[in-house]
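One point on numbering: in the working numbering, the residue at position 139 of the sequence shown is 139, and numbering is uninterrupted.
Where is the CB? At the ideal position from N, CA and C, for every residue including glycine.
Treat the numbers as computed from the prediction; the structure is a model and nothing was measured.
What follows is one structure encoded as structure tokens, with my remarks underneath.
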Amino acid sequence: MYWNRGKQPRGPVKVQKTKPEKKSAQIKSKERVAAHGEVFTAEREVNAMLDLVKQETERIDSRFLEPACGTGNFLVKILERKLDVVKKKYRRSPLDFERNSVLALSSIYGVDILADNAETCRNRLFKIWNKAYKSVCKSDLNEDTQKSAQFILERNIVCGNALSLMKVDENGNDTDCPIVFSEWAFVRGNTMQRKDYTFADLMRIGEGSELAMPSDEGEFLTQYTSDYRRLWQDDKQA
Ligand SMILES: C[S@@+](CC[C@H](N)C(=O)[O-])C[C@H]1O[C@@H](n2cnc3c(N)ncnc32)[C@H](O)[C@@H]1O
Numbered sequence: 001m002y003w004n005r006g007k008q009p010r011g012p013v014k015v016q017k018t019k020p021e022k023k024s025a026q027i028k029s030k031e032r033v034a035a036h037g038e039v040f041t042a043e044r045e046v047n048a049m050l051d052l053v054k055q056e057t058e059r060i061d062s063r064f065l066e067p068a069c070g071t072g073n074f075l076v077k078i079l080e081r082k083l084d085v086v087k088k089k090y091r092r093s094p095l096d097f098e099r100n101s102v103l104a105l106s107s108i109y110g111v112d113i114l115a116d117n118a119e120t121c122r123n124r125l126f127k128i129w130n131k132a133y134k135s136v137c138k139s140d141l142n143e144d145t146q147k148s149a150q151f152i153l154e155r156n157i158v159c160g161n162a163l164s165l166m167k168v169d170e171n172g173n174d175t176d177c178p179i180v181f182s183e184w185a186f187v188r189g190n191t192m193q194r195k196d197y198t199f200a201d202l203m204r205i206g207e208g209s210e211l212a213m214p215s216d217e218g219e220f221l222t223q224y225t226s227d228y229r230r231l232w233q234d235d236k237q238a
């Protein structure tokens, strides 16, 4: 209902229709709920839960892994929080923004057993990162950096089984390939180091405490170093 201040309305009072509240898509189908327990968490709950670890969500390089990430409802909010911090600190310096936004993106990991969920999650994360990147870096945009961001997401958001710790095929069945995660870190200047660990090893190392990215402990499979704008060339060096 609306009211003109100071005037008595002539004729019938207009009733302003309020839009029906948008239903958040928490369920795709009954079958998926039954088969995979797929019920996505609503934004309000996501934010409330993330507020419990607020400081960590606002630390650019704190690592988060969601072992049943769905389409990324938690991960996108974490990325948004981190990028807000990167923007506040580095919006006047495109190069520092670029470097730190890549670091923020590289700290986010997810696993989902359904390939379409993993794909959607990657796309959502990329869209958020790319929007922030474009808004700050404008004419300094670098296609190679965008390719690096996509490469990180290809590696960090895995289609796999978080119980068996194996990658899965298009039907959600375990393959012979273990889930492998990359630990990304700047080692000097613009050089980023990537160390690959199996999920199984990370679980073993983290036993009894929180899941650890072991830095210098533990067995890593491979190690690469390259400019953060050319991470996608890593696999060619292998
Ligand atoms: C309850 S939903 C939660 C999704 C997301 N975390 C959220 O809060 O919006 C559970 C998710 O786990 C996935 N899932 C079920 N079993 C899994 C498994 N063994 N390994 C990895 N993901 C699994 C489903 O595909 C689904 O996307």
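Spatial distance of residue i from residue j (CA atoms)
| i | j | result |
| --- | --- | --- |
| residue 150 | residue 137 | 17 Å |
| residue 90 | residue 102 | 13 Å |
| residue 197 | residue 104 | 19 Å |
| residue 162 | residue 93 | 39 Å |
| residue 34 | residue 28 | 11 Å |
| residue 175 | residue 133 | 36 Å |
| residue 139 | residue 95 | 12 Å |
| residue 87 | residue 55 | 16 Å |
| residue 155 | residue 180 | 8 Å |
| residue 116 | residue 172 | 11 Å |
| residue 191 | residue 31 | 46 Å |
| residue 50 | residue 58 | 10 Å |
| residue 199 | residue 168 | 14 Å |
| residue 189 | residue 37 | 44 Å |
DSSP three-state assignment for residue i, whether helix, strand or coil
| i | result |
| --- | --- |
| residue 150 | helix |
| residue 94 | helix |
| residue 139 | helix |
| residue 193 | strand |
| residue 88 | helix |
| residue 324 | Outside the shown range of the chain, which is 1 to 238, sits residue 324, and nothing can be said about it. |
| residue 205 | helix |
| residue 169 | coil |
| residue 240 | Since the first residue of the chain shown is 1 and the last is 238, residue 240 is not available in this structure. |
| residue 121 | helix |
Residue i Cβ short of 7 Å to ligand 1 heavy atom set
| i | result |
| --- | --- |
| residue 37 | yes |
| residue 50 | no |
| residue 67 | yes |
| residue 239 | The structure shown does not extend to residue 239, since the chain spans only 1 to 238, so no value can be given for it. |
| residue 114 | yes |
| residue 111 | yes |
| residue 281 | One cannot answer for residue 281 here, as it falls past the ends of the chain, which runs 1 to 238. |
| residue 189 | no |
| residue 117 | yes |
| residue 181 | no |
| residue 151 | no |
Proximal residues to residue i (C-beta, below 8 Å), its chain only, five neighbours per side dropped
| i | result |
| --- | --- |
| residue 164 | 174 |
| residue 125 | 72, 75, 76, 79, 105, 108, 153 and 157 |
| residue 128 | 76, 79, 80 and 83 |
| residue 187 | 193 and 225 |
| residue 219 | 197 and 201 |
Cβ neighbours of residue i in the same chain (closer than 6 Å, five flanking residues each side left out)
| i | result |
| --- | --- |
| residue 118 | 112, 157 and 159 |
| residue 221 | 196 |
| residue 147 | 232 |
| residue 64 | 78 and 108 |
C-beta neighbour in chain C for residue i, strict 8 Å
| i | result |
| --- | --- |
| residue 192 | Absence of chain C from the displayed structure is noted, only one protein chain being present. |
Residue i Cβ short of 7 Å to ligand 3 heavy atom set
| i | result |
| --- | --- |
| residue 40 | Among the ligands present in this structure, namely ligand 1, ligand 3 is not found. |
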